[in-house]
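Asks: Using the numbering used here, you'd call the opening residue of the sequence shown number 8 and step up by one each time. Just dropping this structure here.
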Amino acid sequence: MEFFGGVKAMKFNGWGSGVCGLCAFALITQAAWGADLTFSDSQGSLAASAKFEVSGTDLIVTLTNTSAADALVPVDILTGLFFDVSGGALSLTQVSAVVPAGSFVHNGPTDPGGVVGGEWAYKTGLAGGPGSASYGIGSAGFGLFGPADLFPGTDLQPPTSPDGLQYGVTSAGDNLATGNAPLTNGSNALIKNEVVFTLSGLPVGFDPMTQIGNVWFQYGTALDEPHFPEPASAMLLGLAAVGILRRRR
8 MEFFGGVKAM KFNGWGSGVC GLCAFALITQ AAWGADLTFS DSQGSLAASA KFEVSGTDLI
68 VTLTNTSAAD ALVPVDILTG LFFDVSGGAL SLTQVSAVVP AGSFVHNGPT DPGGVVGGEW
128 AYKTGLAGGP GSASYGIGSA GFGLFGPADL FPGTDLQPPT SPDGLQYGVT SAGDNLATGN
188 APLTNGSNAL IKNEVVFTLS GLPVGFDPMT QIGNVWFQYG TALDEPHFPE PASAMLLGLA
248 AVGILRRRR
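Written out as structure tokens, the structure is:
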């Protein structure tokens, strides 16, 4: 671990073992000293962040659509987060998905306490997701999530399966009165601009600073719609490609 201008930078050794002598650095903000880590990135007008925190044996994930731009079409809506974990597979149980204070649901209800678990899913052992990540959280199905993967909660907007834009996360800068029909006709409830997920079952000593990586943000309702990795993952993908080319030569 090294420091640059007071910001903690993580040295990635485990996430690119195929690259000989890999020593990649990425600046990743950390809210406070301890077991929490925030990844963030942007692509064009899209921008998002994902904070991973440990509380006892719980993993708390805060997904935020940080874009200042107005959301106008479905592909402006943040609907998925994908990531990997090093050091052995985790068996985590869905506890809750909650819209926290300062955010709200537009054109739809929540369960008491801001609970929206019936509209979001979590699954591990994924195949075919962005960056080949094995862990995912999504409000759309993407051909990856089904009813059995949902967090606890009421089906707030049919169907009873992760599907479509329902309860996706719109941008911080969204003017909720503008946009095309799927965003404004009331058929798709949207969260503005943050949702918090709790998963239980972490092993003792789990450290997101060293064990979480390959983080991808997914928009829209299909995997061929906009998605991008946070900078550290993008850097490692590039370095891995360089390593493959060198081995071929």
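Even glycine gets a Cβ: it sits at the ideal position worked out from N, Cα and C. Since the structure is predicted, the reported quantities are computational estimates derived from the model, not experimental observations.
Rounded to whole angstroms, what's the CA-CA distance from Pro238 to Ala147? Just pull it up for me.
Replies: In the sequence shown, residue 238 corresponds to position 231, counting from 1. In the sequence shown, residue 147 corresponds to position 140, counting from 1. About 24 Å.
Asks: Under the assumption that Thr71 contacts Glu201 (Cβ atoms under 8 Å), give the Cβ distance between them as a whole number of angstroms.
Replies: Along the sequence shown, one-based indexing puts residue 71 at 64. Along the sequence shown, one-based indexing puts residue 201 at 194. Yes, Thr71 and Glu201 are in contact; Cβ-Cβ is about 4 Å, under 8 Å.
Asks: If I measure Cβ to Cβ from Leu183 and keep anything under 6 Å in the same chain, skipping five residues before and after, which residues do I get?
Replies: As a position in the sequence shown, residue 183 is number 176, starting the count at 1. Same-chain partners within the cutoff: His113.
Asks: Among all the DSSP beta bridges, which residues are the ones paired with Gly87?
Replies: Taking the sequence shown and counting its residues from 1, the one referred to as residue 87 is at position 80. Its beta-bridge partners are Gly145, Gln225.
Asks: Starting from Leu190, follow the beta strand (DSSP E) in both directions and report where the run begins and ends.
Replies: Against the sequence shown, residue 190 aligns to sequence position 183. Per DSSP, Leu190 belongs to no beta strand (DSSP E); it is in the alpha helix (DSSP H), 188 to 191.
Asks: Give the straight-line distance between the Cα atoms of Gly132 and Val106, rounded to the nearest whole angstrom.
Replies: The residue you call residue 132 lines up with position 125 of the sequence shown. The residue you call residue 106 lines up with position 99 of the sequence shown. When rounded, the distance between both Cα atoms is 26 Å.
Asks: Hey, out of Phe149, Gly143, Ala75, Leu206, whose CA is closest to Gln50's CA?
Replies: The residue given as residue 50 occupies position 43 in the sequence shown. When only C-alpha atoms are compared, the closest one is Ala75.
Asks: Give me whichever residues DSSP pairs with Glu232 in a beta bridge.
Replies: In the sequence shown, the residue the question calls residue 232 occupies position 225. For Glu232, which the question treats as bridged, DSSP gives no partner whatsoever.
Asks: So, with DSSP's three-state summary, where would you put Glu201?
Replies: Residue numbering aside, residue 201 sits at position 194 when the sequence shown is read from its first letter. Here Glu201 sits in strand by DSSP.
Asks: Can you give me the C-alpha to C-alpha distance between Asp162 and Gly94, rounded to a whole angstrom?
Replies: Here residue 162 refers to the residue found at position 155 of the sequence shown. Here residue 94 refers to the residue found at position 87 of the sequence shown. Each residue's alpha carbon lies about 35 Å from the other.
Asks: Can you tell me whether Ala78 is buried or exposed? The criterion is at least 16 other CB atoms within 10 Å of its CB, across all chains shown.
Replies: Looking up residue 78 in the sequence shown gives position 71. Buried is the call here.
Asks: CB Gly171 to CB Asn195, shorter than 8 Å?
Replies: Within the sequence shown, residue 171 is the residue found at index 164, counting from 1. Within the sequence shown, residue 195 is the residue found at index 188, counting from 1. Contact: yes.
Asks: Just tell me which of Leu151, Glu60, Val176 has its CA closest to the CA of Phe111.
Replies: Against the sequence shown, residue 111 aligns to sequence position 104. Per the Cα distances, Val176.
Asks: Determine the burial state of Thr117: buried for a count of at least 16 other Cβ atoms within 10 Å of its Cβ, exposed for fewer.
Replies: Here residue 117 refers to the residue found at position 110 of the sequence shown. Around the beta carbon of Thr117, a 10 Å sphere encloses 16 or more other beta carbons of the protein chains shown; the residue is thus reported as buried.
Asks: Taking the straight line between their C-alpha atoms, what separation do you get for Leu151 and Phe224?
Replies: On the sequence shown, position 144 is the one that residue 151 refers to. On the sequence shown, position 217 is the one that residue 224 refers to. In a straight line, the C-alpha of Leu151 is about 15 Å away from that of Phe224.
Asks: Please report how far the alpha carbon of Phe235 lies from the alpha carbon of Asp83, in whole angstroms.
Replies: In the sequence shown, residue 235 corresponds to position 228, counting from 1. In the sequence shown, residue 83 corresponds to position 76, counting from 1. Phe235 and Asp83: Cα-Cα distance of roughly 13 Å.
Asks: Provide the residue span of the alpha helix (DSSP H) that contains Gln164, from first to last.
Replies: In the sequence shown, residue 164 corresponds to position 157, counting from 1. First-last for Gln164: undefined, no H or E at that position.
Asks: Can you give me the Cβ contacts of Pro189 inside the same chain, cut-off strictly under 7 Å, excluding the 5 residues immediately before and after it?
Replies: To locate residue 189, count along the sequence shown from 1; it is residue 182. Excluding residues within five positions, the ones whose Cβ falls inside 7 Å are Pro81, Leu172, Asn195.
Asks: Residues in its own chain within less than 6 Å of Asp43 by CB, not counting five upstream and five downstream?
Replies: Within the sequence shown, residue 43 is the residue found at index 36, counting from 1. Answer for Asp43: Glu60, listed in chain order.
Asks: Pick out the complete alpha helix (DSSP H) segments inside the segment 85 to 138, 4 residues or longer, and give them in chain order.
Replies: Restricted to the segment 85 to 138, not a single alpha helix (DSSP H) segment is unbroken, complete and at least 4 residues in length.
Asks: Determine which residues share a DSSP beta bridge with Ser207 and list them.
Replies: Position 200 of the sequence shown, counted from the first residue, corresponds to residue 207. Answer is Asp65, Thr100.
Asks: Whole-angstrom Cβ separation of Gly125 and Leu157, contact assumed at under 8 Å?
Replies: Locating residue 125 in the sequence shown gives position 118, where the first residue counts as 1. Locating residue 157 in the sequence shown gives position 150, where the first residue counts as 1. Yes, they are in contact, since the Cβ atoms of Gly125 and Leu157 sit about 6 Å apart, within 8 Å.
Asks: Within 10 Å of its beta-carbon, does Trp40 have 16 or more other beta-carbons around it, so buried, or fewer, so exposed?
Replies: Here residue 40 refers to the residue found at position 33 when the sequence shown is read from its first residue. Because the pLDDT at Trp40 is just 37, under 50, the model does not fix this residue reliably, and the value given afterwards should be weighed accordingly. Classification for Trp40: exposed.
Asks: Given that a residue counts as buried once 16 or more other Cβ atoms are within 10 Å of its Cβ, and exposed if not, what is Asp48?
Replies: As a working note, residue 48 is residue 41 in the sequence shown. Result: buried.
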